[in-house]
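Note sheet for the following structure.
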């Protein structure tokens with residue numbers, strides 16, 4: 010009989026391994042590549058590399074830690090170079106689509122836009138937006154916790 014936690018983990022992996030359609034709803038012209046890597050510690054890492062028609066690049070990484078916990082990281086590569094309203098809107102849409110936030114898309118977009126003049130914003134104990142050490146790539150990090 011399968012272990013309940015293993016079944017939950019497999020369900021999480023399946024859920025986060027099928028996000029291409031959601032990404033393409035946000036940007037229908039995006040080129041999306043997916044990589045799924047099982048790690049020795051039992052974590053499964055699912056990475057979506059997204060290239061847009063505007064040359065902006067994004068990465069969405071789900072690290073499925075257990076059946077109830079998944080770390081989500083969304084990266085806007087070379088954000089300062091490609092900083093414009095459309096690309097900020099796309100970053101906000103990815104956050105809204107894949108995180109568990111109750112914030113409106115406008116609130117998320119405003120928070121992302123404010124990062125041009127900030128280094129770090131802590132949203133709650135598990136969620137923050139930050140620049141990399143070079144101030145080039147913008148990251149959104151959160152822990153997704155399944156209820157039940």
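In my numbering, the protein residues as written are 10 to 157. The beta-carbon is built from N, C-alpha and C at its ideal position, and this holds for glycine as well.
Residue i versus residue j: straight-line alpha-carbon distance, rounded
i: residue 8; j: residue 34; result: With the chain covering 10 to 157 only, the question about residue 8 has no answer from this structure.
i: residue 4; j: residue 115; result: This structure cannot speak to residue 4, because the chain is shown only from 10 to 157.
i: residue 142; j: residue 22; result: 30 angstroms
i: residue 99; j: residue 28; result: 15 angstroms
i: residue 130; j: residue 124; result: 8 angstroms
i: residue 175; j: residue 89; result: An answer regarding residue 175 cannot be provided, because it is not within the stretch 10 to 157 covered by the chain.
i: residue 93; j: residue 127; result: 16 angstroms
i: residue 17; j: residue 51; result: 13 angstroms
i: residue 73; j: residue 122; result: 29 angstroms
i: residue 26; j: residue 108; result: 15 angstroms
i: residue 10; j: residue 146; result: Unreliable placement is indicated for residue 10, whose pLDDT of 42 sits below 50; the coordinate value is still reported in the next sentence. Whole-angstrom Cα-Cα distance: 45 angstroms.
i: residue 47; j: residue 56; result: 11 angstroms
i: residue 133; j: residue 110; result: 11 angstroms
i: residue 140; j: residue 117; result: 16 angstroms
For residue j and residue i, believed in contact at Cβ under 8 angstroms, the rounded distance
i: residue 41; j: residue 53; result: Actually they do not touch by this definition, with Cβ atoms about 18 angstroms apart.
i: residue 63; j: residue 82; result: With a Cβ gap of about 22 angstroms, residue 63 and residue 82 do not count as contacting.
i: residue 61; j: residue 36; result: 6 angstroms
Residue i CB to nearest heavy atom of the ligand COA below 7 angstroms
i: residue 143; result: The ligand content of the structure shown is nil, which means the ligand COA is not present either.
Buried or exposed by the 16-neighbour rule on C-beta atoms within 10 Å, applied to residue i
i: residue 39; result: buried
i: residue 119; result: exposed
i: residue 49; result: exposed
i: residue 144; result: exposed
i: residue 138; result: buried
Contact with chain C by residue i, beta-carbon distance below 8 angstroms
i: residue 75; result: Of the protein chains in this structure there is only one, and it is not chain C.
Indicate whether the contact test is met: 3 or more Cβ pairs, each with one atom in the region 138-154 and one in the region 97-116, closer than 8 angstroms.
Verdict: yes, contact present.
Which residue spans inside the region 102-145 form an unbroken beta strand (DSSP E) run of at least 3?
129-133, 136-140
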